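Protein sequence lines, in the order shown, are assigned to chains A and B. In terms of my numbering, the first sequence opens at residue 350 and continues consecutively. In terms of my numbering, the second sequence opens at residue 2 and continues consecutively. Glycine is no exception: its CB is placed at the ideal position from the N, C-alpha and C atoms. Fair warning: this is a prediction, and the values are worked out from it, not measured in the lab. Take a look at the structure below.
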Amino acid sequence: MNFEAKINKFIEILIDYKGYVKVIEGLENTLKIAILGLVIGIVIGTLIATVRVIPKYKRLPRVLNSVCTFYVGFFRGTPMVVQLLLFYYVALPLMGINLPSVSVAIAVFGLNSGAYISEIMRSGIQSVDYGQTEGGRSVGLSFSTTMMKIVIPQAVKNILPTLGNEFIVLIKETSIVSFIGAADLYVAFNYIGSNSYEFMVPYLAMAIIYIVIVCLITVLIKFMERSLKKSDRRN
Amino acid sequence: MIDVINLRKSFDKNEVLKGVDIKINKGDVVVVIGPSGSGKSTFLRCLNCMEDPTGGSIIFNGVDIADPKVDINIHRRRIGMVFQHFNLFNNKTVIQNIMLSPVLCAKSDRRKAVIKNFFSKNKQPVQSVAQIKKDAEENARKLLARIGLEDKADAYPSTLSGGQKQRVAIIRSLAMNPDVILFDEPTSALDPEMVGEVLELMKELAQSGMTMVVVTHEMGFAKEVGSRVVFIDEGIIKEENNPEEFFTNPQNARLKEFLSKVLM
Numbered sequence: 350m351n352f353e354a355k356i357n358k359f360i361e362i363l364i365d366y367k368g369y370v371k372v373i374e375g376l377e378n379t380l381k382i383a384i385l386g387l388v389i390g391i392v393i394g395t396l397i398a399t400v401r402v403i404p405k406y407k408r409l410p411r412v413l414n415s416v417c418t419f420y421v422g423f424f425r426g427t428p429m430v431v432q433l434l435l436f437y438y439v440a441l442p443l444m445g446i447n448l449p450s451v452s453v454a455i456a457v458f459g460l461n462s463g464a465y466i467s468e469i470m471r472s473g474i475q476s477v478d479y480g481q482t483e484g485g486r487s488v489g490l491s492f493s494t495t496m497m498k499i500v501i502p503q504a505v506k507n508i509l510p511t512l513g514n515e516f517i518v519l520i521k522e523t524s525i526v527s528f529i530g531a532a533d534l535y536v537a538f539n540y541i542g543s544n545s546y547e548f549m550v551p552y553l554a555m556a557i558i559y560i561v562i563v564c565l566i567t568v569l570i571k572f573m574e575r576s577l578k579k580s581d582r583r584n
Numbered sequence: 002m003i004d005v006i007n008l009r010k011s012f013d014k015n016e017v018l019k020g021v022d023i024k025i026n027k028g029d030v031v032v033v034i035g036p037s038g039s040g041k042s043t044f045l046r047c048l049n050c051m052e053d054p055t056g057g058s059i060i061f062n063g064v065d066i067a068d069p070k071v072d073i074n075i076h077r078r079r080i081g082m083v084f085q086h087f088n089l090f091n092n093k094t095v096i097q098n099i100m101l102s103p104v105l106c107a108k109s110d111r112r113k114a115v116i117k118n119f120f121s122k123n124k125q126p127v128q129s130v131a132q133i134k135k136d137a138e139e140n141a142r143k144l145l146a147r148i149g150l151e152d153k154a155d156a157y158p159s160t161l162s163g164g165q166k167q168r169v170a171i172i173r174s175l176a177m178n179p180d181v182i183l184f185d186e187p188t189s190a191l192d193p194e195m196v197g198e199v200l201e202l203m204k205e206l207a208q209s210g211m212t213m214v215v216v217t218h219e220m221g222f223a224k225e226v227g228s229r230v231v232f233i234d235e236g237i238i239k240e241e242n243n244p245e246e247f248f249t250n251p252q253n254a255r256l257k258e259f260l261s262k263v264l265m
């Protein structure tokens, strides 16, 4: 079969056999898992990063800090596939909870990216010169006010590009959710391929869709970075 | 005004301050000199608890601020600090740098007053937020005019020269109406050309009666402006005197050696 015939076959399945419904569903799930995962990840990451940077004179911050160390260690130390399988087939059944696979995928992506994002934020905050904190504290601002008004606005500039990177990683990583039976882009194109006994064009199309999404996000991040650069003329 | 009693500070096992006693009165300009590593910067940074003292007490306006239970932020409003590396807020314009803390502190005081009014019968008048901002901005512009940088009000710190940054840093601490300003080697990071303008402003402050504690290597400034000069070495005050006696008739052997090296 020549390439043209393969493309015709692909288009036939895609349109005549309603393959596009699967693709749209897969795209929707892929984006849903990546975006909601990122949102959950930012919330968890912010909480952990906060625990990481607050001064540790007292007992409570120290205890919280060790909890966070364990959390980050677990989620960075095991592959995401393993985490998906552990949650879907071990943790949730043991707790007697029954959730659709897409929801489990969102939760696991959120928990996992939370661990990475916390490190991104911690290093972003710590890369702001300590003199900025001292300047704020010296005029009588509290630690939290100094953070909110002075350090974090500067840290965001360091954090944002890396955070965009994390989002791109999440988008690409969604291709593993079929392990627990969630229908993402891979499942959709695999379906088309199986129906035509012809995988070359479907997988090529899948790769192109991923590249287009990632390019769009890259452009978006560039745009946001530029609008944050106002005060950034460094010496 | 500040009464330092047996101040000690250790970093892990390294004892930097080994019991410093000094009394700083209103209007004093105390100049602290000493070789590097002598603990003079640490001493200054302990005065507003930028470094938490490990022993002794610092009585500021009748309160021991070395006590960790004291809310240090309230007292830091009354103690200005100027750093070697300026530490202006990079994400704020010059005028925002000056206004930030006065506005935030006045706002937090206002919140407390509003809550207090809510529960008590005799209501105290409360300033509006707009008025707080207006007052702070007016004051900030007045201060900027004093150092001749009105036209830089909306510039970001990264566009200023070192001397300009340090002068803005000085009026930033001045905007809080502090009782005392601490200077931590304010001219050490400056080009030689710009040292003069900063020292000039500090001299002017001293003449206006501001209480100052200055860690510096500028012996000329110490002689001319200081009301007292303190020599710190090995974590203790080795000698303390008025500038004339201090420079012409030093007693301590280590100080004699130090002066012979720096006054060539």
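Unbroken beta strand (DSSP E) run spanning ARG1/B, endpoints: Shown here, chain B extends from 2 to 265; a query on residue 1/B therefore has no answer.
Skipping 5 residues on each side, what residues in its chain have a beta carbon closer than 7 Å to that of ARG583/A? Low local confidence applies: a pLDDT of 46 at ARG583/A is under 50, so the model's placement there is unreliable, and no value is given.
Own chain partners of ASP22/B with C-beta closer than 8 Å, once the 5 adjacent residues on each side are dropped: VAL5, ILE6, ASN7, LEU8, ILE238
Runs of 4 residues minimum, wholly inside the segment 108-175 of chain B: which ones carry the alpha helix (DSSP H) assignment? 130-147, 163-175
For the putative contact between VAL127/B and ARG111/B, defined by C-beta atoms under 8 Å, what is the C-beta separation to the nearest angstrom? 6 Å
Based on the DSSP output, what are the partners of THR212/B in its beta bridges? VAL181/B
Provide the residue(s) that pair with ASP68/B in DSSP beta bridges, ordered along the chain. Its beta-bridge partners do not exist; DSSP assigns none.
At a Cβ threshold of 8 Å, is CYS47/B touching chain A? no
Which stretch, first to last residue, makes up the beta strand (DSSP E) that contains MET444/A? Not the beta strand (DSSP E): MET444/A falls in the alpha helix (DSSP H), residues 441-444.
Cβ distance (whole Å) where ASN91/B is taken to contact SER491/A below 8 Å: Their Cβ separation, rounded to whole angstroms, is 20 Å, which puts ASN91/B and SER491/A out of contact at 8 Å.
Residue environment, GLY164/B, which counts as buried when at least 16 other CB atoms sit within 10 Å: buried
Rounded to the nearest angstrom, what separates VAL215/B and VAL488/A at their Cα positions? 17 Å
Could you give the distance in angstroms between the alpha-carbon of ALA464/A and the alpha-carbon of THR395/A? 10 Å
Kindly indicate if chain A contains any beta-carbon less than 8 Å away from that of LEU150/B. no
Shorter than 8 Å from the beta carbon of HIS218/B to some beta carbon of chain A? no
Can you pull the chain A residues whose beta carbon is under 8 Å from the beta carbon of LEU144/B, in chain order? The premise fails here: LEU144/B is roughly 14 Å from chain A at the closest Cβ pair, so nothing lies under 8 Å.
Should ALA114/B be listed as close to the ligand PLP, given that the test is whether its C-beta is under 7 Å from any heavy atom? Because no ligand of any kind appears in the structure shown, any question about the ligand PLP cannot be addressed here.
To the nearest angstrom, how far is it from the Cα of ILE362/A to the Cα of LYS381/A? 25 Å
Nearest-angstrom beta carbon gap, ARG168/B and LEU302/B [assumed within contact, 8 Å]: Here chain B comprises residues numbered 2 to 265, so residue 302/B is not present and cannot be evaluated.
Decide if the segment 129-137 of chain B is in contact with the segment 153-164 of chain B; the criterion is three or more beta carbon pairs, one per stretch, under 8 Å apart. no
Do we get a CB-CB distance below 8 Å when we pair LEU89/B with the residues of chain A? yes
Please go through the same chain and pick out, in chain order, the residues whose beta-carbon is closer than 7 Å to the beta-carbon of GLY40/B, but skip the five residues on each side of it. VAL17, LEU18, ILE233, GLY236
Contact belief for PRO551/A with PHE538/A at Cβ below 8 Å, rounded distance in angstroms: 4 Å
Closest Cβ-Cβ distance between ARG147/B and chain A: below 8 Å? no
Can you tell me where the beta strand (DSSP E) holding ASN447/A begins and where it ends? Where ASN447/A is concerned, there is no enclosing beta strand (DSSP E), given that its DSSP letter is neither H nor E.
With 8 Å as the threshold, decide whether the Cβ of LEU206/B is near any Cβ in chain A. no
Where VAL392/A and THR399/A are concerned, what is the direct C-alpha to C-alpha distance, given to the nearest angstrom? 11 Å
Is GLY386/A closer than 8 Å to LEU509/A when the C-beta atoms are compared? no
Opening and closing residue of the beta strand (DSSP E) in which MET82/B lies: 80-83
Quick check on DSSP: helix, strand or coil for LEU89/B? coil
Have a look at LEU409/A, GLN481/A, ILE384/A, ALA354/A and flag the residue whose alpha-carbon is nearest the alpha-carbon of ILE566/A. ILE384/A
Cβ of GLU483/A less than 8 Å from any chain B Cβ? yes
What does the alpha-carbon distance come out to for the pair ILE469/A and MET2/B? 45 Å
Tell me the DSSP bridge mates of SER58/B? ILE6/B
Using three-state DSSP, classify PHE548/A as helix, strand or coil. coil
Contact set between the segment 527-545 of chain A and chain B, restricted to residues whose Cβ is under 9 Å from the partner: none
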